[in-house]
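Visitor:
Residue numbers (my numbering): 34 to 191.
Given below as structure tokens:
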């Protein structure tokens, strides 16, 4: 089962290495990892997506709490958080398919961020399903490259 873990860490040298090392040292896989500063420059926020049953995820959060630079670690349950991804898609459509690509971008509320004579670079944000659906539609039209952030997550409410 897919889990999203929110981790607040001290913004210090080597924290990312210690967190990722904890995962690899215990045989856990990281599907996605995002790290960004918070309003407090001494603290960073990590959004980690991993797979495992409830016992495995409980073990991961316990191990994270043991790391000296981890302030908090919380496994978000469905509905507890708002999650979004950013993806950039490079599409090289045939001349006949360019209008169709533009329609798809509009339908998915994406944005063309670069145009060259033979390709577009598209930016789209949303849930994983939205980005997956747009990617599937663009594949037959000349999709060349996909770069994704993985999800960012923030708790609902206060």
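Glycine included, each C-beta is placed from N, C-alpha and C at the ideal position. Note that the structure is predicted; figures quoted are calculated from it, not measured.
On the three-pair Cβ rule with 8 angstroms, is the segment 79-88 touching the segment 137-152?
Guide: no
Visitor: Is residue 118 helix, strand or coil when you go by DSSP?
Guide: strand
Visitor: Round the Cβ separation of residue 37 and residue 76 to the nearest angstrom and send it over; I've been treating them as touching at under 8 angstroms.
Guide: Not really, about 19 angstroms apart at Cβ, beyond 8 angstroms.
Visitor: For residue 91, report the span of its alpha helix (DSSP H) as first-last.
Guide: 87-99
Visitor: Compare the Cα-Cα distances from residue 42 to each of 107, 175, 150 and 92 and report the closest residue.
Guide: 107
Visitor: Please go through the same chain and pick out, in chain order, the residues whose beta-carbon is closer than 8 angstroms to the beta-carbon of residue 118, but skip the five residues on each side of it.
Guide: Around residue 118: 158, 159, 160, 161, 164, 181, 182, 183, 184 and 185.
Visitor: Whose CA, out of 104, 60, 153 and 59, lies closest to the CA of residue 128?
Guide: When each option's Cα is compared against that of residue 128, the closest is 153.
Visitor: For residue 122, is the classification buried or exposed, using 16 other Cβ atoms within 10 angstroms of its Cβ as the cut-off for buried?
Guide: buried
Visitor: Could you check which residue in 53, 167, 102 and 120 has the C-alpha nearest to that of residue 137?
Guide: The candidate whose alpha carbon is nearest that of residue 137 is 167.
Visitor: Contact defined as beta carbons within less than 8 angstroms: I believe residue 79 pairs with residue 66. What is the distance between those atoms, to the nearest angstrom?
Guide: 7 angstroms
Visitor: Excluding five sequence neighbours on each side, which residues of the same chain lie with their C-beta closer than 6 angstroms to the C-beta of residue 56?
Guide: Result list for residue 56: 63, in chain order.
Visitor: With distances taken between CB atoms, is the gap from residue 130 to residue 151 smaller than 8 angstroms?
Guide: no
Visitor: Who pairs with residue 102 in a beta bridge, going by DSSP?
Guide: According to DSSP, which records beta bridges pairwise, residue 102 is partnered with nothing at all.
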